Amino acid sequence: MKVIYVFLIKLVSLLFYFRKKSNVIYIMSFDNNLGLIKSMARQMPKNKNLYVYYEPANEAAATDLAAYGIKTVPFKNGLKLVFDLIPKIMASNIVFCDNYFPFLGGIFHPKELKIVQLWHANGAIKKFGWQDASTDKRSVFDKKRFQKVYDSFDEYVVASETMGNVFKNSYHVPFDRMKMIGYPRSDRLFKEKWIKIAKRRVYNFAPQLKNKRVILYAPTYRDDGKSFVPPKGLIESLTVDKNAIVVIKLHPLLRDLEAKLQKESTSDNVIFCNQLSTTDLLVVTDTLITDYSSVAFDYSLLPNAHSLLFFMFDLDEYKQNPGIQNDLLNWLPTKPITSLEDLQTAIKKDEAVDFSNFNHHWNKYNDGFATSRVIDRYIKTLK
2 MKVIYVFLIK
12 LVSLLFYFRK
22 KSNVIYIMSF
32 DNNLGLIKSM
42 ARQMPKNKNL
52 YVYYEPANEA
62 AATDLAAYGI
72 KTVPFKNGLK
82 LVFDLIPKIM
92 ASNIVFCDNY
102 FPFLGGIFHP
112 KELKIVQLWH
122 ANGAIKKFGW
132 QDASTDKRSV
142 FDKKRFQKVY
152 DSFDEYVVAS
162 ETMGNVFKNS
172 YHVPFDRMKM
182 IGYPRSDRLF
192 KEKWIKIAKR
202 RVYNFAPQLK
212 NKRVILYAPT
222 YRDDGKSFVP
232 PKGLIESLTV
242 DKNAIVVIKL
252 HPLLRDLEAK
262 LQKESTSDNV
272 IFCNQLSTTD
282 LLVVTDTLIT
292 DYSSVAFDYS
302 LLPNAHSLLF
312 FMFDLDEYKQ
322 NPGIQNDLLN
332 WLPTKPITSL
342 EDLQTAIKKD
352 EAVDFSNFNH
362 HWNKYNDGFA
372 TSRVIDRYIK
382 TLK
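This is how it looks when you write it as structure tokens:
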């Protein structure tokens, strides 16, 4: 079926290869770039059409964009993608992506079409692409298909040379495709107005967080959705500071685990906030506890960022699958914590973290003005 699907994509892209280029497309799997998309809509040349194709999980964001007057279309693999999206892509000057989209490896790529990878995270702790150990176990056909997708991106927008090298090594693409512009999604973290509004959203939902030390526990999502099994006694360790409130934010697909943890929690100082976005919660967080999640790269940019703990209780296992970046220990702002006892000690100490080296390493070009640089490079140059 994959072979037939790829063949159809190739065929349709070839049929529409010489279409006049009049579109700009954004394929959205994360809802954290709405500011950029709206800026593109405001500055789009009159002879160009902007389409946003969104995955189902981003329906609320798509509704917001539609209310702004932007054409939004549900993104689904299958015949609709082949006969609707592919012709529009072949009639496009630019296609923006925020993730890996397999179908891109099947299209015939005209020189007039530029495919730009914006990505959805400022940095990377875990390995992906060719660096992921599981890739070696895939078939020869799969490996060729992966590389065709990686090669389809003409440019990669990054916030640091470090992230550029991660893509270079993970996707086996030339470093000169990396554009040191900064991620538009990070701009809001520098805006006082946005931070004020985000705080208001959080406090409307959880007013008990005001004037309290807020400890946010936000672990990464494991790809299989099942391998995250926190150690027994986690809740008790997180609540060792009786004057703090612990907010637990798990991935939406971990609802069963969340329900289990809620039953285990007997403290009034623990709340679960699946109704709020992780980014909103970061603006009221004094201590962030995570593991391999990219949330750490966002938190370090906020003015309220005080302490950051990496609770990697399964570090040895995670090193094997999917793997972590080879120089992890050289740039983490704090040492990994692998035991509940050490976690309790770190929470009690509550030592302030200096994020300057960490941000220079990963957030060098994130300064609050990445959106304008992306607009200048990709939208204002359109004819």
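Okay, so the sequence shown: first residue is 2 according to the numbering used here, each after it adds one. Even glycine gets a Cβ: it sits at the ideal position worked out from N, Cα and C. Please read these numbers as outputs of a predicted model, since none were measured by experiment.
Can the beta-carbon of residue i be found less than 8 Å from the beta-carbon of residue j?
i, j, result
"Ile-246", "Gln-209", "yes"
"Ile-28", "Tyr-54", "yes"
"Thr-163", "His-362", "yes"
"Ala-122", "Phe-359", "no"
"Asn-170", "Gln-118", "no"
"Ile-10", "Ile-87", "yes"
"Phe-311", "Pro-337", "yes"
"Ser-14", "Gly-124", "no"
"Ile-249", "Leu-262", "yes"
"Phe-386", "Leu-258", "No information on residue 386 is available, as it lies outside the stretch 2 to 384 that the chain covers here."
"Ala-219", "Thr-279", "yes"
"Phe-140", "Asn-367", "Strictly speaking, residue 140 in this sequence is Ser, with Phe absent from that position. No, they are not a contact pair."
"Thr-267", "Val-215", "no"
"Arg-178", "Tyr-157", "yes"
"Gly-369", "Lys-145", "no"
"Asn-322", "Ser-23", "no"
"Leu-289", "Leu-333", "no"
Does residue i come out as helix, strand or coil in the three-state DSSP assignment?
i, result
"Ile-348", "helix"
"Leu-51", "strand"
"Tyr-101", "coil"
"Gln-286", "Note on residue identity: the sequence assigns Thr, not Gln, to residue 286. Of the three classes helix, strand and coil, the one that applies to Thr-286 here is coil, per DSSP."
"Lys-211", "coil"
"Ile-95", "strand"
"Gln-326", "coil"
"Thr-221", "coil"
"Tyr-293", "coil"
"Val-230", "coil"
"Ile-108", "coil"
"Ile-126", "coil"
"Val-25", "strand"
"Val-241", "coil"
"Lys-336", "coil"
"Leu-190", "helix"
"Ser-373", "helix"
"Phe-142", "helix"
"Leu-383", "coil"
"Val-354", "coil"
"Ile-236", "helix"
"Leu-341", "helix"
"Ile-182", "coil"
"Lys-365", "coil"
"Ser-308", "strand"
Might you give, ordered along the chain, the residues of its own chain that have their beta carbon closer than 8 Å to the beta carbon of residue i, omitting 5 neighbours on each side?
i, result
"Val-284", "Ile-196, Ala-199, Lys-200, Val-203, Leu-303 and Asn-305"
"Ser-340", "Phe-314"
"Arg-374", "Ile-182 and Gly-183"
"Lys-243", "Asn-270"
"Phe-17", "Ile-87, Pro-88, Met-91 and Ala-92"
"Lys-39", "Leu-66, Tyr-69 and Ile-71"
Going by beta carbon distance, what residues of the same chain come within less than 7 Å of residue i, once the five residues before and after it are set aside?
i, result
"His-110", "Ser-153"
"Val-380", "Correcting the residue identity first, residue 380 is Ile in this sequence and not Val. Correct list, in chain order: Met-41, Gln-44 and Met-45."
"Arg-189", "Gly-36 and Trp-195"
"Glu-265", "Ile-236"
"Asp-281", "Ala-199, Arg-202 and Val-203"
"Leu-51", "Val-25, Met-41, Ala-42, Met-45, Ile-71 and Lys-72"
"Leu-383", "Pro-46, Lys-49 and Asn-94"
"Ala-207", "Ile-272 and Cys-274"
"Ala-353", "His-307 and Ser-308"
"His-173", "Trp-131, Gln-148 and Tyr-151"
Among the residues of its own chain, which have a CB less than 6 Å from the CB of residue i, if the five just before and after it don't count?
i, result
"Lys-365", "Ser-161"
"Val-167", "Ala-125"
For the ligand SAH, I want to know if residue i counts as a neighbour, meaning its beta carbon is within less than 7 Å of at least one of the ligand's heavy atoms.
i, result
"Glu-259", "This structure lacks the ligand SAH, and indeed carries no ligand of any kind."
Tell me whether the segment 322-331 and the segment 124-133 touch, counting them as touching only if at least three CB pairs, one residue from each stretch, are closer than 8 Å.
Flag = yes, the segment 322-331 and the segment 124-133 touch.
Beta strand (DSSP E) segments (min. 3 residues) lying fully within the segment 245-282
Within the segment 245-282, the complete beta strand (DSSP E) runs of at least 3 residues fall at 245-249 and 271-273.
Counting beta carbon pairs with one atom in the segment 343-353 and one in the segment 229-243, are three or more of them shorter than 8 Å?
Note that the segment 229-243 touches the segment 343-353; at least 3 beta-carbon pairs, one per stretch, sit closer than 8 Å.
Check whether the segment 86-105 and the segment 14-33 are in contact - that is, three or more C-beta pairs closer than 8 Å.
Yes, the segment 86-105 touches the segment 14-33.
Ordered list of alpha helix (DSSP H) runs contained in the segment 65-93, each at least 4 residues:
As summarised for the segment 65-93, the continuous alpha helix (DSSP H) elements at least 4 residues long and confined to that stretch are 87-91, given in chain order.
Which runs of the alpha helix (DSSP H) spanning at least 4 residues fall entirely within the segment 153-180, listed in chain order?
Counting whole runs of 4 or more residues, the segment 153-180 contains the alpha helix (DSSP H) stretches 162-172.
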